[in-house]
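Protein chains: 2
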Amino acid sequence: MKRTEDAETALCHMIEAMAPGERLPSERSLCEDLKISRGTLRVFLERLEARKKVWRHVGRGTFAGSRPLETNPGLSVVADTTSPHELLEMRLIFEPKVAQLAALRASRQQISQMWYCAKKTGIVTDSKAYELWDATLHRTIAEAAHNKLLLDVFDAINDVRNNTDWGRLRDMVVSTPARQRQWWMQHEDLVDAIAARNESRAEEAMRKHIESVQLMIQGAARNQLSLMPE
Amino acid sequence: MKRTEDAETALCHMIEAMAPGERLPSERSLCEDLKISRGTLRVFLERLEARKKVWRHVGRGTFAGSRPLETNPGLSVVADTTSPHELLEMRLIFEPKVAQLAALRASRQQISQMWYCAKKTGIVTDSKAYELWDATLHRTIAEAAHNKLLLDVFDAINDVRNNTDWGRLRDMVVSTPARQRQWWMQHEDLVDAIAARNESRAEEAMRKHIESVQLMIQGAARNQLSLMPE
DNA sequence: TATTATACCAATTTATTAATGGTACATTTC
DNA sequence: GAAATGTACCATTAATAAATTGGTATAATA
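First to last, the sequence lines map onto chains A and B.
Numbered as in our numbering, the first sequence ends at 1288 without a single skipped number.
Numbered as in our numbering, the second sequence ends at 1288 without a single skipped number.
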């Protein structure tokens, strides 16, 4: 009885002397040092964990201090748990302002590339090709904002977009020639505003464009929902 | 002479028949199949790479089609290459809209937590504690937007913020009681707008707040620049 | 009842091995 | 002499194996 209590206080002192985040020896070596069995040691550690004195993780070890905020998982893993609605809301926050900055800072070469991409979105026939040129256009605009951090965030969001499998939904984006014509005209309008260095018009054009997509997707999702058995 | 040319055209046809992104056999097995040496094969591949017909990567292989956009490196690694200016521009794009959504969707509990954090930013004395409560306030607002993807993006941006070492710059944020009072009042105003469910006022308050920080940091950076030897 | 001893599991890290494209150089072939 | 070959080695990456860790169950022991 006495010996194990001594071991517990020794363990506590040991932990208090450690810097937060520092790693404890493994359970197997700790129980040797303290001359107690692994089972009893784990009882002590359980209490310490409840008191937020340590935190544990299988395969890694036991650490002093309280569990750190889980590190950013890279954004692409959230693809499974996010919805088209969330993604479009995000893009609606982000991209209009990006277009505004692009209107200020785009180089002539970038603008001509935008024209090229926009034209392509009007003439390609299959949905995969459309998506490619659409993505390239939007990314060119993000590049034209000339802010590296902003571009990285854009790519991170796009990663989510690419790693989802709302497959049937995506095909609907260019389901009809009329729709494709609508997106193409919006693209032309957007690039025209950027080329004219008209900040507010560029922002507005991008906002309108994404809102259109949002409306379309919402409608499609509703239809699809009513058709699906579960 | 003739045989190698045949091999080159055969290689071209092979690649054209492949789907973009598909992986070619390794150089060592390809040159066996085509009955040519690795050196000449590599000359062909070099030409194909220049024409964007293939792209190569050491340790991975050679792939058909044009090189895909480089994958998101995790956002936290860009911390070294980004600047306070870029970060604040990013936040200025992002957070006002987040505040607007928060005004729509914040729960009562979240609002009371905002009040608590805002009050703390007014009374704490050391700059580390200020940063803690400031960060908690801003993150609570992001949570209140109730969009998981948005929150992840917010955390990613914050990661950059934490992983930089513009140390002296950060201390200046609360360098004087007058400054701290300024930020505190802006925080109170912001939370008040959210609590009142006033979207446009919340957006405006957040914009004003970040613009103030932006101005301050710019001024501080200028001063520091003029003091630094290199 | 409390403690020990033992065995096994799933998650994770670390170490090892194998494979890839990149490069240099001597050799062969036409 | 120019073109092609054969060979050896490197740095990077992927694939695999081995070792370690916390988590859990069970029987034996004090």
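Note that CB positions come from ideal geometry on N, CA and C, so glycine has one too.
Of the other Cβ atoms in all chains shown, 16 or more fall within 10 Å of the Cβ of B:Q1158; this residue is therefore buried. Among the bridge pairs identified by DSSP, B:H1245 is matched with none. Residue range R1096 to A1108 is occupied by the alpha helix (DSSP H) that includes A:V1101. Contact between the region 1182 to 1190 of chain B and the region 1179 to 1193 of chain A is absent: fewer than three C-beta pairs spanning the two stretches fall below 8 Å.
Note that the C-beta distance between B:L1162 and A:E1144 is not below 8 Å.
Interface criterion met: the Cβ of B:F1152 is under 8 Å from a Cβ in chain A. Shown here, A:A1122 sits in a strand according to DSSP, grouped into three states.
In this structure the region 1236 to 1249 of chain B lies against the region 1264 to 1275 of chain B, because at least three pairs of beta carbons, one per stretch, are closer than 8 Å. When beta bridges are read from the DSSP output, A:R1081 appears opposite A:F1121. Of all residues in the region 1191 to 1215 of chain A, only R1197, N1205, K1206, L1207, L1208, D1210, V1211, D1213, A1214 and I1215 place a beta-carbon less than 8 Å from a beta-carbon of chain B. At least 8 Å separates the CB of A:E1269 from every CB of chain B.
Contact check for A:T1098 against A:T1120 fails: the beta carbons are separated by 8 Å or more.
Scanning chain A for C-beta atoms nearer than 7 Å to the C-beta of B:V1218 yields L1207, reported in chain order. A:A1200 and A:P1154 have their C-alpha atoms spaced approximately 10 Å apart. Residues of chain B whose Cβ lies closer than 7 Å to the Cβ of A:L1145 are, in chain order, L1207. Apart from the 5 residues on each side of it in sequence, B:L1146 sits with its Cβ closer than 6 Å to the Cβ of Q1272 in its chain, given in chain order.
Per the DSSP secondary-structure output, A:W1113 pairs in a beta bridge with A:F1121. Between B:L1195 and B:T1179, the C-beta spacing is below 8 Å.
According to the DSSP assignment, A:T1179 belongs to the alpha helix (DSSP H) that extends over R1166 to I1181. Residues A1122, G1123 and S1124 of the same chain have their beta carbon placed closer than 8 Å to that of B:P1078, with the five preceding and five following residues left out of the count. Residue environment analysis places B:R1096 among the exposed positions, since fewer than 16 neighbouring C-beta atoms fall within 10 angstroms of its C-beta. For A:M1148, the nearest beta carbon of chain B is closer than 8 Å to its own beta carbon. For A:I1169 and B:F1212, the gap between their C-alpha atoms comes out near 30 Å.
Residues of chain B with a Cβ closer than 9 Å to the Cβ of A:K1155 are, in chain order, L1150, I1151, F1152 and K1155.
Taking C-beta separations shorter than 8 Å and ignoring five residues to either side along the sequence, the partners of B:A1068 in its chain run L1092, following chain order.
Nearest neighbour of A:E1090 by Cα position, chosen from A:K1110, A:A1065, A:R1081 and A:W1113, turns out to be A:A1065. Counting along the chain, A:A1075 sits inside no alpha helix (DSSP H), nor does DSSP assign it H or E at all. Under the three-state reduction of DSSP, A:K1266 is assigned to helix. Cβ-Cβ separation between B:M1148 and A:N1205: approximately 7 Å, consistent with a contact (criterion under 8 Å). DSSP places A:T1234 in no alpha helix (DSSP H); its state is neither H nor E.
Check the Cα spacing between A:R1114 and each of A:V1156, A:L1082 and A:G1277: the tightest is with A:L1082.
By the Cβ-count criterion, B:A1203 is buried, with 16 or more other Cβ atoms from all chains shown falling within 10 Å of its own Cβ.
Between A:Q1167 and B:E1104, the alpha-carbon positions lie close to 27 Å from each other.
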